[in-house]
Amino acid sequence: MKCEYIIFVTKFLKMIKRITLLVVSLLLVIACKEEKRQHITKLQGAVFGTTYHITYLKKVDYQKPIDSLFSLVNKSLSTYLPTSDISKINQGDTTVVVDDMFVEVFEKAKRIYKETDGYFDPTIGRLIDAYGFGSGKEKKNLTSEEISVLMQNVGFDKVVLKDRKIHRESKNIEFNVNAFAKGYGVDVVGWFLESKNIHNYLVEIGGEIRARGTKDGKLWKVAIEKPNVDGTRSVQKIIELDDESMATSGNYRKYKINSEGKKIVHTINAKTGLAEESNLLSVSVRLKGDCADVDAYATAFLAMGLEKTKEFLKEHPELKVVLLYHNDAGELAEFVN
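Going by this note's numbering, the first residue of the sequence shown is number 26, and it counts up by one from there.
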């Protein structure tokens, strides 16, 4: 009897020990989850005429310094701010000494202008205004003659940056870097977070994204929208970003209808000056690099069209894309490399 009692007590103590270990384990899991929750900071708001969402794994509120960075980007590059450096240059002020942001954007634009054979060109500012997609005066129902005149002042090879000053061949050359300013703003925030030793984050401004590291041990997931023309929104594809930046550009939502009932899209072909719709509806580009780069490439590809973009990609395997287009049957099709 005494022996049975000892066996019972031993089993009972072992059971208590197992229960205790289980409870401790559960408490540790809960504590870890709580810790992770506490370490996620989310910021959101409005900037550059759109919205932004920033998520990073650190319990520190960097809203004020990030707002200051947005102000610096606007002061340098916003065509909607009359006192910005870019606006002053467009107004003919030759005394403007540009800052580091302007220099960086200029050099990126110059490189991508050359790579894309001029399909990406920040000197189409007057055309953007004339079509009604910029901050300047719109001209209704542009004629082919008027487009030809405007095209005389297009060409990034007609401008030079020297000693932090811009030199233009003509005072009628107007800069507009809005095609990749959002992407550059995303990068500025990303670089700031990295300077604070934050390496797990996602920054999104108006659909342009820079993602680094992971969230909850998993890669960041983002959605590519289906190019619906009826105003509804739905998902075409989910993409995992592995230390990548991604930008999407499309003509299916932002457009105008002229007096002839013709659709005028916001992506202007810098080679022809035309703003015509093609069968390429949406371009999403990602790269293990800066968001400004993929933002510029996405704009260029939309102007190039489907076939020229495919040819370009053969020479640039570092770029990954999702191209949504209408095939010969008029059906929505997808090209992924």
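No residue lacks a Cβ here, since even glycine has one placed at the ideal position from N, Cα and C. Given the structure is predicted, the values throughout are model-derived calculations rather than measurements.
Between the beta-carbon of residue i and the beta-carbon of residue j, is there less than 8 Å?
{"i": "valine 184", "j": "arginine 193", "result": "yes"}
{"i": "tyrosine 138", "j": "phenylalanine 95", "result": "no"}
{"i": "threonine 80", "j": "lysine 67", "result": "yes"}
{"i": "leucine 152", "j": "isoleucine 282", "result": "no"}
{"i": "histidine 351", "j": "asparagine 304", "result": "yes"}
{"i": "lysine 262", "j": "valine 347", "result": "yes"}
{"i": "valine 130", "j": "glycine 210", "result": "no"}
{"i": "valine 72", "j": "isoleucine 223", "result": "no"}
{"i": "isoleucine 91", "j": "valine 254", "result": "no"}
{"i": "lysine 296", "j": "tyrosine 144", "result": "yes"}
{"i": "valine 128", "j": "leucine 186", "result": "yes"}
{"i": "serine 101", "j": "aspartate 124", "result": "yes"}
{"i": "aspartate 268", "j": "lysine 221", "result": "no"}
{"i": "glycine 238", "j": "alanine 317", "result": "no"}
{"i": "glycine 157", "j": "glutamate 199", "result": "no"}
On the DSSP letters alone, give me the boundaries of the beta strand (DSSP E) that residue i sits inside.
{"i": "glycine 371", "result": "This structure cannot settle anything about residue 371, because the visible part of the chain is limited to 26 through 362."}
{"i": "threonine 66", "result": "65-72"}
{"i": "threonine 104", "result": "Looking at the DSSP string, threonine 104 is not in any beta strand (DSSP E), and its letter there is neither H nor E."}
{"i": "tyrosine 226", "result": "226-230"}
{"i": "isoleucine 264", "result": "260-266"}
{"i": "isoleucine 282", "result": "280-282"}
{"i": "serine 274", "result": "270-275"}
{"i": "isoleucine 79", "result": "75-82"}
{"i": "serine 307", "result": "305-312"}
Less than 7 Å between the CB of residue i and some heavy atom of the ligand SAH, yes or no?
{"i": "serine 160", "result": "Annotation note on the ligand SAH: not contained in the displayed structure, which lists no ligands."}
Going by CA-CA distance only, name the one from the options that's closest to residue i.
{"i": "valine 179", "options": "Ser109, Ser195 and Leu167", "result": "Ser195"}
{"i": "leucine 218", "options": "Arg235, Tyr156 and Asp320", "result": "Arg235"}
{"i": "lysine 279", "options": "Thr273, Glu269, Ser173 and Val290", "result": "Val290"}
{"i": "glutamate 336", "options": "Tyr77, Asp142 and Lys84", "result": "Asp142"}
{"i": "glutamate 302", "options": "Leu331, Lys133 and Ala204", "result": "Leu331"}
{"i": "glutamate 340", "options": "Leu227, Lys296 and Asn362", "result": "Asn362"}
{"i": "alanine 328", "options": "Asp146, Ala206 and Glu163", "result": "Asp146"}
{"i": "serine 160", "options": "Ser112, Leu349, Leu306 and Asp124", "result": "Ser112"}
{"i": "glutamate 233", "options": "Lys133, Asp241, Ala248 and Ala300", "result": "Ala248"}
{"i": "aspartate 86", "options": "Thr76, His64, Lys165 and Thr104", "result": "His64"}
{"i": "phenylalanine 360", "options": "Ser307, Glu163, Val174 and Ala317", "result": "Ser307"}
{"i": "leucine 82", "options": "Asp154, Lys246, Glu132 and Asp241", "result": "Asp241"}
{"i": "lysine 162", "options": "Leu266, Glu265 and Tyr105", "result": "Tyr105"}
Could you pull the start and end residues of the alpha helix (DSSP H) that residue i belongs to?
{"i": "tyrosine 138", "result": "125-140"}
{"i": "phenylalanine 217", "result": "203-220"}
{"i": "tyrosine 87", "result": "Tyrosine 87 -> no alpha helix (DSSP H), and no H or E assigned at all."}
{"i": "valine 347", "result": "Per DSSP, valine 347 belongs to no alpha helix (DSSP H); it is in the beta strand (DSSP E), 345-351."}
{"i": "threonine 324", "result": "316-329"}
{"i": "isoleucine 114", "result": "110-115"}
Requested in this report: Report yes or no: do the stretch 254-268 and the stretch 100-119 share at least 3 C-beta pairs separated by less than 8 Å?
Outcome: no
Report task. Flag this pair as touching only if the stretch 309-324 and the stretch 263-277 have three or more C-beta atom pairs under 8 Å; answer yes or no. Result -> yes
Query - Complete runs of the alpha helix (DSSP H) confined to the stretch 154-187 [at least 4 residues] - result: 169-176
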